[in-house]
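Student: The structure follows.
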Amino acid sequence: MSNIVDSIRENIIRQSKIYEEKNGYNYYENHIKYVVKNALELAEKYGADIEVVELGALLHDSAAVYEYGPIEEHNVYGEKLADKMLSDLNYDETKKELVKKCVLNHRSSTKLNRNTIEEKCVADADVIAHFDRIPDLFSLAYHDRGMTILEGANYVKGKLERDFNKLSDESKVLLKDRYENIMKVLFN
Ligand SMILES: [Fe+2]
Ligand SMILES: [Fe+2]
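Numbering of the sequence shown is given in the working numbering, commencing with residue 1009 and proceeding in unit increments.
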């Protein structure tokens, strides 16, 4: 594990605690660490640069964690933050550009802009992380949004269907069994 990755991880964990004190949600514990885990698994399978993928996963939602810029553009602002943080650590220029692309193009709206395998790993892992945290989706529906049982079930079902469709074709193949099992157990 490189010092750069350790340093960026510590930074994101620290800032996630600051965000949690203000907003009651810990980005690292509830989301980012799952994205990292899934991204590293995909990086192994697809032969991507492991370090670039881990940094991309750690930094993909950094603008949200830092509350830097509007949340709708957190990929754009996250790219700026990634540039600053990695430059401060004197990270390799070529790899830095690859990490920045992972952050910029992690959202489904940027799917067509992805050109590298590392971008695909981070973007797909971001989606797969939702499959690791299904109770969060129900909590959002029933607790936060006060939906009825049926409304909540339809909401979660629709969300998981849309998520699955956001994956790259390769990752759809990898996730197919798990996705179908989840849907069968929850909504059959
Ligand atoms: Fe995001
Ligand atoms: Fe994310």
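In this text, a Cβ means the ideal position worked out from N, Cα and C, and glycines have one as well.
What beta strand (DSSP E) runs, 3 residues minimum, are completely inside the region 1092-1154?
Tutor: If we require 3 residues or more, the region 1092-1154 turns out to have no beta strand (DSSP E) run fully inside it.
Student: Could you give the residue range of the alpha helix (DSSP H) that holds residue 1054?
Tutor: Start and end: 1041-1054.
Student: Assign residue 1122 to one of two classes, buried (16 or more other C-beta atoms within 10 Å of its C-beta) or exposed (fewer than that).
Tutor: Buried: at least 16 other Cβ atoms inside 10 Å.
Student: Report, in whole angstroms, the separation of the C-beta atoms of residue 1160 and residue 1150, which I expect to be a contact under 8 Å.
Tutor: Between residue 1150 and residue 1160 the Cβ distance is about 5 Å, and since that is below 8 Å, they are a contact.
Student: Quick one: using the 10 Å Cβ neighbour count with 16 as the cut-off for buried, is residue 1055 buried or exposed?
Tutor: Residue 1055 should be labelled exposed.
Student: Quick one: Cα of residue 1062 to Cα of residue 1080, how far?
Tutor: Their backbone Cα atoms lie some 23 Å apart in a straight line.
Student: Would you kindly check if the distance between the Cβ of residue 1068 and the Cβ of residue 1114 is under 8 Å?
Tutor: Yes; because the gap between Cβ atoms is below 8 Å, this pair is in contact.
Student: Using only the heavy atoms of ligand 2, determine whether one of them is closer than 7 Å to the beta carbon of residue 1043.
Tutor: Residue 1043: yes, Cβ under 7 Å from ligand 2.
Student: Within 10 angstroms of the Cβ of residue 1083, are there 16 or more other Cβ atoms? Answer buried if so, exposed if not.
Tutor: Result: buried.
Student: Whole angstroms is fine: what's the gap from residue 1010's alpha carbon to residue 1101's?
Tutor: If I take the Cα positions, the gap works out to 16 Å.
Student: The alpha helix (DSSP H) with residue 1000 in it runs from where to where?
Tutor: With the chain running from 1009 to 1196 in the structure shown, residue 1000 is simply not present.
Student: Helix, strand or coil: which one does DSSP assign to residue 1075?
Tutor: DSSP places residue 1075 in coil when its eight states are reduced to three.
Student: Return the chain-ordered list of same chain residues with a C-beta closer than 6 Å to the C-beta of residue 1017, the five sequence neighbours on each side being excluded.
Tutor: If we look at residue 1017 and ignore the five residues flanking it on each side, its Cβ neighbours are 1066.
Student: Which of the three DSSP states, helix, strand or coil, is assigned to residue 1085?
Tutor: Residue 1085 falls in the helix class under three-state DSSP.
Student: For residue 1119 and residue 1181, I'd like the C-alpha separation in whole angstroms.
Tutor: C-alpha separation (whole angstroms): 17 Å.
Student: I'd like to confirm something about residue 1069: is its beta-carbon nearer than 7 Å to some heavy atom of ligand 2, or not?
Tutor: Yes.
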